[in-house]
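Take a look at the structure below.
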Amino acid sequence: MLTAELFGSTAAIGYGLAAIGPGIGVGLVFAAYIQSTARQPESSRLTLPFVWIGFAVIEALALLGIAFGFIWQGTGL
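Take the sequence shown: its position 55, counting from 1, is numbered 55 in UniProt numbering, and each next residue is one higher.
Here it is in structure tokens:
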């Protein structure tokens, strides 16, 4: 019977997979802004702050993902 051993950090793999979600989220936020501005150009000044708030929240969640990866790296989970 062959057994494989895993050496190294699986936290890097976990964060790499977790980065897919924020990447898609940022794309959706800016796509929605571009579409709404194309439909109603005069509302672009009103909706731009919401774009940056959404972008900041998505990126904060991505940073939490990498922080938890480093935290759980030492616990052996």
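We put the CB at the ideal spot given by N, CA and C, even for glycine.
- In the three-state reduction of the DSSP assignment, residue 31 falls in the helix class, which pools H, G and I.
- Taking residue 59 as the centre and dropping the five residues before and after it, the same chain places the C-beta of 22, 26 closer than 8 Å to its C-beta, in chain order.
- DSSP, read as helix, strand or coil, puts residue 19 in coil.
- In the same chain as residue 33, and ignoring 5 residues on each side of it, the C-beta atoms closer than 7 Å to its own belong to 47, 51, in chain order.
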